[in-house]
Amino acid sequence: MHCHHELYTDAAALAPVRESWRAGTPIAWRRVHVLPDHVFFDHSVHVRAGLECSECHGAVERMPRITQVAPLDMGWCLDCHRQQPRAARLSDCSVCHR
Amino acid sequence: MSRGRRLPTLGTGVGREDVREPPLSRRSFLKSLGATLAAGSLSGCPGGEPPEALPYVVEPEAVTPGRPTFYATTLELAGWGHGLVIETHLGRPTKVEGNPEHPASLGATSSQAQAQVEALYDPARSHAVFAQGARASWTACAQALAEAGGARPGEVRVLSEPTTSPSLRRELARLGEGLGLGWHVYDPSGREAALAGARLAFGRALDPVLRLDRARVVLTLDADPLLGGPGSVRYAGDLARARRAPFAGGPPARLYAVESSWTLTGAHAEHRLALRPSQLWAAAWALARGVGLPGLPERALPLEPGARRFLELAARDLAAHPGASLIVAGAHAPPALQALVHALNARLNNIGHTQEWIDPVAASPEADAACRSLAQLRADVEAGRVGTLLVLGCDPLQALPPGEGLAELLERVPLTLHAGLYRDTTARRCDWHLPLLHGLEGWGDARGFEGTAGLQQPTLAPGLARRSALQILRLLDDAPPRPDLELVRGTWRERLADERAWHEALERGVVAGSAGVHQDVTPDLARVLGGLPAELTQAAGLELHVQLDRRLHDGRFGRSRLLQELPDPITKLTWGSAALLAPEDAADRGIEDGRLLEVSRGGARVELPALIQPGHPPGVVGVSLAHSGPPTLPAAETRDVQPLRRDSADWGGPGLGLRVLSDTLELARTQRHDHDAGRELVRSATAAALARGRGLPSREDPRPAQTLLGDGARPRARRQWGMSVDLTACTGCGVCVVACQTENSIPTVGPAEVRAGRELHWIRIDRYQRQGPDGGVQLEHQPVPCMHCEHAPCELVCPTGATQHSEDGLNAMVYNRCIGTRYCSNNCPYKVRRFNFYYYAAATPTLANNPDVSVRSRGVMEKCSYCVQRIRVAERAARARGQRQVVVQTACEQACPSRAIVFGDVGDPDSEVSRRKAGPLEYALLAELNTRPRTTYTARVRHPHPELGA
């Protein structure tokens, strides 16, 4: 529930969330952003580095249905990493693959 | 939910035991290839339907998906508390570490503790109540007990092994008062003899606590304080501190070992004397004479002149260090011999200095009025005084020799119940079997070898119909149900009165100030002398010597695939057991390694493969109690040696027959060569030479260093990782191997694949023999992980760039690029790369896998990564906190009892690893190849007795 304890408590769109809370069964969300199992991605370092959520996930607030906007493949990751200053470049294989 | 990571695989998985599949025909190969491609195009990413995401409905506090949570706990292993810290991911334990706050651990662990996560998820574990072999329920069991419960008081009995759990003892005491319950205890590890020896010397049963860190000279008499005992993890650390450079408090401690088979302590000793079991008394006598024990009767000692001189010099050395020497006798040596050794330690003023005595920690009939012995149970069953018998948490039919008559005893009791983790041999002979919770699933407590109590807290919600030992005991008197937490808190109500004290004890994992207190005792010399044998004779013919197994203890850990595949530190044998023979005996009889022998004693015959072990005393056949295996292991791979023992106090002796059979069994050993071919792989120096300012002789190659890799062209990150292994501290125990396996989800491969040389251990411990200065065989151990060469030969030859050098000095594997040419392994001079010939990972329960590491598929090369997952997590954590310094412990380093391994930033001159690498004893393995390894070794320092052939 999180915020929805307080906000939009009777919104129709949130009925499944309230139902899940009441019944104690999790909502089976469909994944949109999927990384393969051999990629280890850490959100926290990217958030801490000042990256906006929208830079990878797009303008979620304007999406009626969430879609993947970035390819999320290795070339796309490296395109961004290679533009970083040397210390933050982190383009070693073992940064993401272990 | 998080799950073990898997790479896409070609073809199917494999069975649990036999990882070899039937050979594929061309047709079926193409078919499976087509199927895999089709499946790939369906489930490949993107395009396929990804699995659904199921979030928590109510998110638990302090759980962040992707971040581990750590719990301090204490597990009772073979009766003794081991202080541990358990890493859990989303409520699922994945890794065991030592608890730095626990005195029996100091942050390190034993191999057996490392294997506990595997045990927790073992699919062969018992999961249901069984009555007469059929599925039943707890209610039915309670009913059966109630029906039998009308019996007279005192008819209900419990049989268990020694326990150090205060809560379990409290519950047993409650039943003793209410129900007149009789509690019988047997000890399969032979500790009863140690308590009897203490009673003989001091008038009461006491437990010894060794202070090896204070000792300058130590002699062991068929004892192995460094491995397998309740305090071994601590002792290995203490001794390493007393032996490693720089030698602040004088020269390093000197170690002598007198023994009838190899022990790890013997392998680590400066001087070792191999004797027959029947000569041990003579050895103790010679020491007593050398130390000058007053009133010692004169006896002719059946010892060769060499042995006599060894013992004389050792005794003189011990006597020259009063208060700083120590003699340790094996726990299962005859009580009178142990009492003699106590008297010698008192004579050497060691009691209170290098050896302390505390009140017995574990419940045992020798020490405790509350428990009775197995012999008493036998007598009571004979007399018809036992109506119900609960065998609690042990498997006495396996742990005791058949001569103890347990099977007949169980048959004569009207109602028998067995509570255990497995439906084992005893379970199948009892009317009822009750599935027991694993220590990682429930509440409890246990004391360590020196008395410190620790709380056991669950790290996983208990599933299925299992119950704890505390709950099962409450079934006996139909007591009102109480949760385990309440029972354990009840035990500690006085000690940990308020909420704060309880929570502090939970968080730290130990109850502060609960260690045993040294009792100032002096041995009664007259009684000790009175117990000495009238004459000392050496037995003729072959003698048997039985040891607890270095990996499987008394066989109880035999179901662990990790421990079965851990090579024995001495023989490098995995999976199963063998009969150890001296090379002389084998040559006389024309026996080669692996030849099957029929070993007979007292009417029992056992077939065992021969293993010729230099340094083993002639005339002695050595066996260990490695007699069980996982249920899927072929029966031919396990050999039960228990029938050779008369009773549980029988650890060998004369009267052994040996017949050489015509068949052979190929031994599954991981190292078949004994010598380093003059390459000086393990380098060593003597403390005397170091004191004269002479370090290691230089082995510098006069030729200019050559490499195919250009120098200095690589970008270098600020941090540069490296490792140093101190060979003086390393005992070769093998904990690092198991710790590495559990951290990196390294599968086991089974005996057939080990025979083919396909074990997957990322760190191995090489073992070499050399001739000691005293003429005896010495063993040298050397852990070998990936060297992370700066000029890595493997990187040059990979056609796909699957092995790469990182900017911070790691030689990394990119599994998805690997196509399995194995060129890298061919070009690696250290042979540390491992290849997945089959999909071995399929045999590991997925839940036990580390979610931070990829699971490797078939056809992929793998090797030590310096625990890169830990490095990356530590780097991010340091960055988040704004710290410059990144502290990383690799799994092997963290688990090592003797702190032999140090890992860190070699670019930082103040790091411990840099300081070690700057030392005069540091050397690189095969440095002449100019591979510039990041893993280096600190040469072994020995401190031999100058007169013992130096």
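Sequence order for the protein chains is S and D. The first sequence runs 21 to 118 under this note's numbering. The second sequence runs 17 to 966 under this note's numbering. Where a beta carbon is used, it is the ideal one built from N, C-alpha and C, also for glycine. This structure is a prediction, so every number in the text was calculated from the model and none was measured.
Minimum length 4: unbroken alpha helix (DSSP H) runs contained in the segment 454 to 494 of chain D: Taken in chain order, the complete alpha helix (DSSP H) segments of 4 or more residues contained in the segment 454 to 494 of chain D are 485 to 492.
Contacts of Y1001(D) in chain S (Cβ-Cβ under 8 angstroms): Coverage of chain D is limited to positions 17 through 966, which leaves residue 1001(D) absent and any answer about it impossible.
Identify whether E75(S) lies in helix, strand or coil by the three-state DSSP scheme. E75(S) sits in a helix when the DSSP states are folded into three classes.
Counting C-beta neighbours from all protein chains within 10 Å, is the total for G63(D) 16 or more, i.e. buried, or is it exposed? Note that G63(D) scores 49 on pLDDT, short of 50, meaning its location in the model is unreliable and no value can be drawn from it.
8 angstroms is my cut-off, CB to CB: does A48(S) come that close to chain D? Yes, A48(S) counts as interfacial toward chain D.
Is there a C-beta anywhere in chain S that falls below 8 angstroms from the one on L58(D)? Residue placement at L58(D) cannot be trusted, given a pLDDT of 38 that sits under 50; the coordinates are not used to answer.
Taking all protein chains shown into account, do 16 or more other C-beta atoms lie within 10 angstroms of the C-beta of L724(D), making it buried, or fewer, making it exposed? The residue is exposed, with fewer than 16 neighbouring Cβ atoms inside 10 Å.
Residues, ordered as in the chain, of the segment 241 to 252 of chain D that lie near chain S by beta-carbon distance below 8 angstroms: Hits within the stretch: zero.
Nearest to R250(D) by alpha carbon, out of L480(D), C912(D) and D921(D)? With respect to the C-alpha of R250(D), the residue from L480(D), C912(D) and D921(D) having the closest C-alpha is C912(D).
Which residues does DSSP list as the beta-bridge partners of F919(D)? Here F919(D) is bridged, per DSSP, to M739(D).
Name the chain S residues that come within less than 9 angstroms of A828(D), Cβ to Cβ? Within 9 angstroms Cβ-Cβ: D112, C113, S114, H117 and R118.
Check whether the Cβ of W96(S) lies closer than 8 angstroms to any Cβ atom in chain D. For W96(S), the answer is no, since every Cβ of chain D falls outside 8 angstroms of its Cβ.
Where DSSP assigns a beta bridge to G97(D), which residues make up the other side? For G97(D), DSSP records a beta bridge to E92(D).
Name the DSSP bridge partner or partners of A828(D)? Beta-bridge pairing by DSSP links A828(D) to Q820(D).
Given D663(D) as reference, the closest of R215(D), L416(D), V233(D) and R932(D) once Cα atoms are compared: Of R215(D), L416(D), V233(D) and R932(D), the residue nearest in Cα terms is L416(D).
Within 8 angstroms (strictly less), CB to CB, does Q885(D) reach chain S? At a cut-off of 8 angstroms between beta-carbon atoms, Q885(D) makes contact with chain S.
How should W301(D) be labelled, buried or exposed, when 16 other C-beta atoms within 10 angstroms of its C-beta is the threshold for buried? Within 10 angstroms of the beta-carbon of W301(D) lie 16 or more other beta-carbons, which makes it buried.
Check the Cβ-Cβ distances between S134(S) and every residue of chain D, and say whether any is below 8 angstroms. A query on residue 134(S) cannot be resolved here, the shown segment of chain S reaching from 21 to 118 and no further.
First through last residue of the alpha helix (DSSP H) which encompasses D604(D): The continuous alpha helix (DSSP H) containing D604(D) extends over residues P599 to R605.
Could you round the C-beta distance between H569(D) and A94(D) to whole angstroms and report it? I think they count as a contact, below 8 angstroms. With 8 angstroms as the limit, H569(D) and A94(D) qualify as a contact, their Cβ atoms being about 6 angstroms apart.
Using beta-carbon positions only, say whether A620(D) and L660(D) come within less than 8 angstroms of one another. Cβ atoms of A620(D) and L660(D): closer than 8 angstroms.
Looking at W778(D): is its Cβ nearer than 8 angstroms to the Cβ of R850(D)? Their beta carbons are under 8 angstroms apart, which means W778(D) touches R850(D) by this criterion.
Nonlocal neighbours in the same chain, by C-beta distance under 8 angstroms from V929(D), ignoring five residues either side: Excluding the 5 residues flanking it on each side, V929(D) has same chain C-beta neighbours closer than 8 angstroms at G738, M739, S740, V918, F919, G920, D921 and V922, in chain order.
Sorted by chain position, which residues of the same chain lie with C-beta nearer than 6 angstroms to G748(D)'s C-beta, five sequence neighbours on each side aside? The beta carbon of G748(D) sits closer than 6 angstroms to those of P585, I781 and H797, all from its chain and outside the five residues before and after it, given in chain order.
Strictly by DSSP, which residues pair up with V174(D)? Under the DSSP definition of a beta bridge, V174(D) partners with W199(D) and L406(D).
Are the Cβ atoms of T45(S) and V79(D) separated by less than 8 angstroms? No.
Nearest-angstrom Cα separation, counted from D514(D) out to L191(D): Rounded to whole angstroms, L191(D) and D514(D) show a C-alpha spacing of 27 angstroms.
Helix, strand or coil at Y8(D) according to DSSP, with G and I counted as helix: Not covered by the structure: residue 8(D). The range shown for chain D is 17 to 966.
Taking the CB atoms as reference points, tell me whether L433(D) and S183(D) lie closer together than 8 angstroms. In this structure, L433(D) sits away from S183(D), with a CB-CB distance that is not shorter than 8 angstroms.
Any residues in the segment 892 to 910 of chain D with a beta carbon nearer than 8 angstroms to a beta carbon of chain S? Which ones, in chain order? Correct list: R892, R895 and A896.
If I measure Cβ to Cβ from C446(D) and keep anything under 7 angstroms in the same chain, skipping five residues before and after, which residues do I get? Hits under 7 angstroms: V407, L426, T432, L433 and H434.
DSSP beta-bridge partners of P670(D): Partner residues in the beta bridge of P670(D), as assigned by DSSP, are E559(D).
Measure the alpha-carbon distance for R958(D) versus Y939(D) and round it to whole angstroms. Computed Cα separation, rounded: 16 angstroms.
Along the segment 649 to 682 of chain D, where does the CB come closer than 8 angstroms to a CB of chain S? Name the residues. Taking 8 angstroms as the cut-off between beta carbons, none of the residues of the segment 649 to 682 of chain D comes near chain S.
In terms of residues, what are the limits of the alpha helix (DSSP H) holding S153(D)? S153(D) -> no alpha helix (DSSP H), and no H or E assigned at all.
Out of curiosity, what's the CA-to-CA distance linking E33(D) and D238(D)? Summary for E33(D): the model assigns pLDDT 42, below 50, so the residue's position carries little reliability; its value from the coordinates is reported in the next sentence. The alpha-carbon atoms of E33(D) and D238(D) are separated by roughly 36 angstroms.
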